[in-house]
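If you read the protein sequences in the order shown, they are chains A and B. Whatever position you read off the first sequence (first residue = 1), add 25 for my numbering. To convert, note that position 172 of the second sequence is 159 in my numbering; the numbers rise steadily by one, no gaps. Presented below is the structure to which this report refers.
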Amino acid sequence: MSNKVLQKILIIEDDPGILNYLKTTVEAAGYETVTASDGKLALHMITSHCPDCILLDLGLPDMDGSEIITSVRKWSLTPIIVISARNTEENKALALDSGADDYITKPFGSIELLARIRTALRHSLTAGKNKEIGIDGCYRVGELEIDYKKLKVRVRGEDVHLTPNEFRIVALLGKHPGRVMTYKSILRELWGPSAPMDNKILRVHMASIRRKIEQDPTNPQYIFTEVGVGYRIAENTQETEGRPPQLKDSRSP
Amino acid sequence: MSTLGATIGLSVLLSYINDDNNPFAMALFIMAVVIVARWTDGYTWGIVAAFMGTFCVNYIFTYPFWAFSIDYTGYPLTFSVMLIVSVLISTLTTQIKQQERLRFDIEREKMYSNLLRAIAHDLRTPLTAIIGASSAIQEQKLSAEDQIRLAEGIRKDAEWLVRVTENLLSVTRVSNHGMIKKEDEVLEEIIGSAIMKYHRLPGSLPVDSDTLSDIILVPMDAMLIEQVMINLFDNVNAHAEGASKIWIHLRKENGMVFISVEDDGCGITPSLLPQILDGTYMSKHSRNDDRRNMGIGLSVCRSIIEAHGGRLFAGKSRHGGAAFEFSLPCKENMYVE
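So this is what it looks like as structure tokens:
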């Protein structure tokens, strides 16, 4: 471990108890940590330490969390994971729309936290592009296959008949595996910046997509709902936990 | 005002149909006074309506028509009686209304204090266990095995506390009467999300859900309905002894969607049914060391559902255990392409 440069995580959290827990967990997993307890200090730390990943609590005493995200995003693509309380979907969506990579809802366990950090670090390497889309232009997760060249989606080897809009939604999610896409960002991506912010249309489309690609729409395997925030597509390389093992086995036929 | 106007109109109409003097006009106006008193706040409008009604009857509907007069025999008496009767009725109506409101307030106070008692009770026991277990770990005299066991207990208790506080948050969201923010949601998304969250909890049971062929949009606060589902699942874990599986059955009827959470456990004793739903079961039967009581879960479910214009029912499941069914008003089917 000594000859390897540790990845550095900046933890921005004002509650000493939670900070203590985060620091201990993250360090035990083999990362280096720096901490900040308010927004001003945090911005200073980001410029001086250049962390590989930022854990940001939205409820800081001196500054709004999304303010920090916006100012970091002006000059850096460092992945930001937002830590937020439940019942604040609007804030989560706002944080994601201002450029956060992911969020995790209090209370959470260490396994979940570390999985999010790994996902975020992986995404930073690809700078927003999905490396798992292979040379053949396909993103595969489980038995779902999104073919970006032929503009087709296959499940269990069979073509799924999606409407053009439905395909565009699936294709967009597939470009950001494991990441929450907010309703707003999906609508904007599909229908342009002046799109009416009508989540209802998106929800109905999604219900129709699920009927076509999921075996049980109420127990989805591929596209998950983040209630009040957006959608997240399943991700492949979850080496240690979370996904049932057969997903990995069935990946390459 | 419009009520009085309508009454005048109606009386004029009737007087055309019926050529006689207008004995019904007086009765109609008194009815109008009652309606006004019923629909407005305080005494003022009722009394104003009473005076105006009396004046109108005199002015329009009694001889000499379209003139105010109390010069004829019996008129002063008749109209003062009418005035007194209508003023009395209007004040009585207002009084009854205020009493009703008072009773409603008391009822609500009672509900809140029941809830608070349930919460305090739900919080105390796990907190005691957490303090005990963590201080035992700090003393460092325990084997690693025991420490892990205690840490597991702390985690379980903390998870329980999280559920209680989430319910509390839900209550604060509902209690600003009818101020819940509803958005059209696709039902299966919310059910799916609730199942996923439930499956993260230790000891969760497999859940088998129907899917309706139509895509149903239900106006709701998604977080709250998700909370209802999770509470109902939790409830199975806590109370349905011998349950091995949870079923969700859906049906749509007359603009309502019915969501039923059922299990194959021990079921509910029929005599306890009404108490379980109104949240009084817990306060009567709980013992201090019994954490697995009805808690606030079901009463929170009920208030959330009622705030959405639905109802919560309890009964027997076709799978042998208990069934908790709730209804929500839904929109017409939506078809995509």
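Note that CB positions come from ideal geometry on N, CA and C, so glycine has one too.
Quiz prompt | Per-residue burial, phenylalanine 91/B [other beta carbons within 10 Å of its own, 16 or more giving buried] | solution = exposed
Quiz item: Any Cβ of chain A within less than 7 Å of the Cβ of threonine 198/B?
Solution: yes
Quiz item: Since phenylalanine 245/B sits in a beta bridge, which residues does DSSP pair it with?
Solution: Arg238/B and Ser314/B
Exercise. For cysteine 288/B, name the three-state secondary structure that DSSP assigns.
Key: helix
Exercise. Please classify proline 202/A: is it buried, with 16 or more other beta-carbons within 10 angstroms of its beta-carbon, or exposed?
Key: buried
Quiz prompt | Same chain, Cβ closer than 7 Å to aspartate 39/A, neighbours up to 5 away in sequence not counted | solution = Ser62, Asp63, Asp82, Leu85 and Pro86
Quiz item: Alpha carbon to alpha carbon, what distance is there between aspartate 28/B and glutamine 246/A?
Solution: 56 Å
Quiz item: Who are the Cβ neighbours of proline 63/B in its own chain at under 8 Å, not counting the five residues just before and after it?
Solution: Ile57
Exercise. Answer with yes or no whether the minimum CB distance from valine 254/A to chain B is below 7 Å.
Key: no
Practice problem: Please list, in chain order, all residues of the same chain as threonine 58/A whose beta carbon is under 7 Å from its beta carbon, the five residues on each side excluded. | Solution: Ile34, Ile36, Lys48, Val51 and Glu52
Quiz item: Roughly how many angstroms lie between the CA atoms of lysine 99/A and serine 91/A, to the nearest whole one?
Solution: 13 Å
Self-check item: Residue-level contact to chain B via CB, threonine 113/A, 7 Å cutoff
Solution: no
Quiz item: Could you check where the alpha helix (DSSP H) with glycine 255/A kicks off and where it finishes?
Solution: Careful: glycine 255/A lies outside any alpha helix (DSSP H), inside the beta strand (DSSP E) at 255 to 258.
Exercise. Examine chain B for any beta-carbon lying closer than 7 Å to the beta-carbon of threonine 49/A, and answer yes or no.
Key: no
Quiz item: Shortest alpha-carbon distance to aspartate 195/B belongs to which of Met243/B, Thr152/B and Ser247/B?
Solution: Ser247/B
Quiz item: Are the segment 184 to 200 of chain B and the segment 110 to 129 of chain B in contact at 8 Å, needing three or more beta carbon pairs?
Solution: no
Quiz item: Is there contact between the segment 141 to 149 of chain B and the segment 207 to 215 of chain A, where contact requires at least three CB pairs shorter than 8 Å?
Solution: no
Quiz item: serine 200/B: buried (16+ other C-beta within 10 angstroms of its C-beta) or exposed?
Solution: exposed
Quiz item: When the Cα atoms are used, what is the spatial distance from alanine 116/A to arginine 143/A?
Solution: Note that residue 116/A corresponds to asparagine in the displayed sequence, not to alanine. Spanning the two alpha carbons is a distance of roughly 23 Å.
Quiz item: DSSP puts leucine 215/A in a beta bridge; with which residues?
Solution: Answer is none; leucine 215/A lacks a bridge partner.
Exercise. Answer with buried or exposed for phenylalanine 311/B, where buried requires no fewer than 16 other C-beta atoms within 10 angstroms of its C-beta.
Key: buried
Self-check item: C-beta contact flag for threonine 207/A and leucine 121/A at 7 Å
Solution: yes
Quiz item: Is there a Cβ from chain A that is less than 7 Å from the Cβ of glutamate 139/B?
Solution: no
Quiz prompt | Distance, alanine 309/B Cα to leucine 315/B Cα | solution = 20 Å
Quiz item: Does DSSP put threonine 188/A in a helix, a strand or coil?
Solution: coil
Quiz item: Distance, Cα to Cα, glutamine 262/B vs glutamate 239/A?
Solution: 40 Å
Quiz item: So is glutamate 266/A buried or exposed if we call it buried at 16+ other beta carbons inside 10 Å?
Solution: Summary for glutamate 266/A: the model assigns pLDDT 37, below 50, so the residue's position carries little reliability, and this model does not support an answer.
Self-check item: valine 72/B - DSSP class collapsed to helix/strand/coil
Solution: helix
Quiz item: What residues from chain B crowd round proline 245/A, counting only those whose CB sits closer than 8 Å?
Solution: Gly179
Self-check item: Terminal residues of the beta strand (DSSP E) in which valine 252/A lies
Solution: Valine 252/A -> no beta strand (DSSP E), and no H or E assigned at all.
Quiz item: Which residues in the same chain as leucine 227/A place their Cβ atom closer than 7 Å to its Cβ, once the five residues preceding and following it in sequence are excluded?
Solution: Tyr208, Ile211 and Leu212
Practice problem: Would you list the residues sitting across from glutamate 126/B in a DSSP beta bridge? | Solution: DSSP output for glutamate 126/B lists no bridge partner at all.
Quiz prompt | Distance CB(alanine 209/B)-CB(valine 252/A) smaller than 7 Å | solution = yes
Exercise. For arginine 98/A, go through chain B and note every residue whose CB falls closer than 8 Å to its CB, in chain order.
Key: Per Cβ cutoff of 8 Å: no residues; arginine 98/A is ~28 Å from chain B at best.
Exercise. May I ask you to report which of helix, strand or coil DSSP gives lysine 273/A?
Key: Note that lysine 273/A has pLDDT 35, beneath the 50 cutoff, so the model's placement of it is unreliable and no number is given.
Quiz item: Going along chain B, which residues have a C-beta under 7 Å from threonine 250/A?
Solution: Glu176, Gly179 and Ser180
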